[in-house]
Amino acid sequence: PIKKIEDNNTLVFIVNIRANKPLIKQAVKKMYDVEAEKVNTLIRPDGEKKAYVRLKADHDALDVANRIGII
265 PIKKIEDNNT
275 LVFIVNIRAN
285 KPLIKQAVKK
295 MYDVEAEKVN
305 TLIRPDGEKK
315 AYVRLKADHD
325 ALDVANRIGI
335 I
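Under the numbering used here, residues 265 to 335 are what the sequence shown spells out, in order.
(1) Helix, strand or coil, according to DSSP, for K320 in the structure here?
(2) Can you tell which of I278, K267 and T274 has the C-alpha that lies nearest to the C-alpha of D310?
(3) Return the CA-CA distance between E312 and K294, expressed in angstroms with no decimal places.
(4) Going by alpha carbons, who is nearest to R337 out of Y296, N280 and K268?
(5) By how many angstroms is the C-alpha of A329 removed from the C-alpha of I210?
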């Protein structure tokens, strides 16, 4: 996950199975005060939904990850 944060400016979250991409984008903006460029989602075999949130270039995913305690 650290490589994704550094190389792609991307954060990974486990989200509610019913959450859609616009909702995830909105939640990230509201909770962490950063703009998401795009959101990719997948449903894991264990039934959890994973969201890959790529941040816009003017936000640094590493800073956000530090701020919210991912790393």
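Where is the CB? At the ideal position from N, CA and C, for every residue including glycine.
Walking through what the data contain:
(1) Taking the first residue of the sequence shown as position 1, residue 320 is located at position 56. Of the three classes helix, strand and coil, the one that applies to K320 here is coil, per DSSP.
(2) Walking along the sequence shown from the start, residue 310 turns up at place 46. Of I278, K267 and T274, the residue nearest in Cα terms is I278.
(3) For the purposes of this step, residue 312 is taken as the residue at position 48 of the sequence shown. For the purposes of this step, residue 294 is taken as the residue at position 30 of the sequence shown. Whole-angstrom Cα-Cα distance: 22 Å.
(4) With the chain covering 265 to 335 only, the question about residue 337 has no answer from this structure.
(5) Given a span of 265 to 335 for the chain in the structure shown, any question on residue 210 remains unanswerable.
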